[in-house]
Amino acid sequence: MSDCPTLSALGQEGLPAMAKSKQGLKAPKQGLKLTPREIIRQKVIEELFQTEDKHVQNLHILQDVFRTHLQPVLTPRELWKIFLNIDKIVLIHETLNESMKKMRKKNDVVYEIGKLVLYYFSGEQGQVLTKEASEFCRMQSMAVEMVRAKQKESRFQQLMAEALSSSKCRHLQFQDFMIMEMQRLTKYPLLLENVVKYTAVYHPDKDKLKQAVKYSRDILFHINEAVRKQEYIEKLESYQKKLDLSELKH
Numbered sequence: 098m099s100d101c102p103t104l105s106a107l108g109q110e111g112l113p114a115m116a117k118s119k120q121g122l123k124a125p126k127q128g129l130k131l132t133p134r135e136i137i138r139q140k141v142i143e144e145l146f147q148t149e150d151k152h153v154q155n156l157h158i159l160q161d162v163f164r165t166h167l168q169p170v171l172t173p174r175e176l177w178k179i180f181l182n183i184d185k186i187v188l189i190h191e192t193l194n195e196s197m198k199k200m201r202k203k204n205d206v207v208y209e210i211g212k213l214v215l216y217y218f219s220g221e222q223g224q225v226l227t228k229e230a231s232e233f234c235r236m237q238s239m240a241v242e243m244v245r246a247k248q249k250e251s252r253f254q255q256l257m258a259e260a261l262s263s264s265k266c267r268h269l270q271f272q273d274f275m276i277m278e279m280q281r282l283t284k285y286p287l288l289l290e291n292v293v294k295y296t297a298v299y300h301p302d303k304d305k306l307k308q309a310v311k312y313s314r315d316i317l318f319h320i321n322e323a324v325r326k327q328e329y330i331e332k333l334e335s336y337q338k339k340l341d342l343s344e345l346k347h
């Protein structure tokens, strides 16, 4: 049985307890000096952890700032079309981020992360990430387009301005936050490849990390394909509308 949590078993208040597992999370013995290569490796791992935490914060801005402000003037259908499955996306990244935090809290030196990242990018968890991220990323252009259309309504425009005035938004626009999920998915293979680069050949983490890189690339490929298919559908629909209008004129 896996020591890792399943997303299906998590509620809004139930975050993973992976750090309770002692397998694959042990740091080097206290007092052991790190090699220059391992020092760089630790910095790369820290970058992976810190940027994941930042990504979760940015996703929460979509939930807690934009959605909270705009909800009063949106129908349930409009709300879904704009924010899509953001709650599921947040939950996925929160579980990963929480596992990373517990790992960091347990040890000053993170000796192995292979088991953690391989778990989240492969198997059932990898399928969940692929499904939910594909849904979110392929529909976000339509979400941004709907926001542009709603901006013609004065009350919506006012509430959007209030949301954007929040210091949490850091002068960024709604669409800037919407594309962050795709940007994050693009960075995973690069960040993991960096960890592999500074992981010694005989390190117990090496093979798991290489597998995690492969799975993260596979996930990105499937999401890119979903986005491309949606773009093609939208182009066809746009062409059909123009054709219909042209026929009406004759």
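Those letters in the sequence shown? Residues 98 to 347, per our numbering, in order.
We put the beta carbon where it would ideally sit given N, CA and C, even for glycine.
Quick caveat: nothing in here was measured; it's all calculated off a predicted structure.
Worksheet item: With distances taken from CA atoms, which of Glu242, Leu145 and Tyr285 is nearest aspartate 315?
Response: Tyr285
Worksheet item: Under 8 Å between C-beta atoms, does proline 169 make it to chain D?
Response: Of the protein chains in this structure there is only one, and it is not chain D.
Worksheet item: In the structure shown, what three-state DSSP assignment does glutamate 290 receive?
Response: helix
Worksheet item: Does the pairing of the stretch 203–210 with the stretch 137–151 give three or more beta-carbon distances under 8 Å?
Response: yes
Worksheet item: Are alanine 240 and lysine 326 closer than 8 Å when you measure CB to CB?
Response: no
Worksheet item: Do you know whose CA, among Met275, Asn321, Tyr312 and Asp304, lies nearest glutamine 222's CA?
Response: Tyr312
Discussion item. Our contact map puts valine 225 next to isoleucine 183 with C-beta atoms below 8 Å; I'd like the distance itself, whole angstroms only.
Written reply: 15 Å between Cβ atoms; not a contact.
Fill in: Buried versus exposed call for tyrosine 217 [16 or more other C-beta atoms within 10 Å across all chains shown]
buried
Worksheet item: Relative to the alpha-carbon of threonine 172, which residue among Phe253, Ser264 and Leu282 has its alpha-carbon at the smallest distance?
Response: Phe253
Worksheet item: Are leucine 317 and leucine 282 close, meaning C-beta to C-beta below 8 Å?
Response: yes
Fill in: Same chain, Cβ closer than 7 Å to lysine 305, five either side skipped, listed in chain order
Gly211, Lys212 and Leu215
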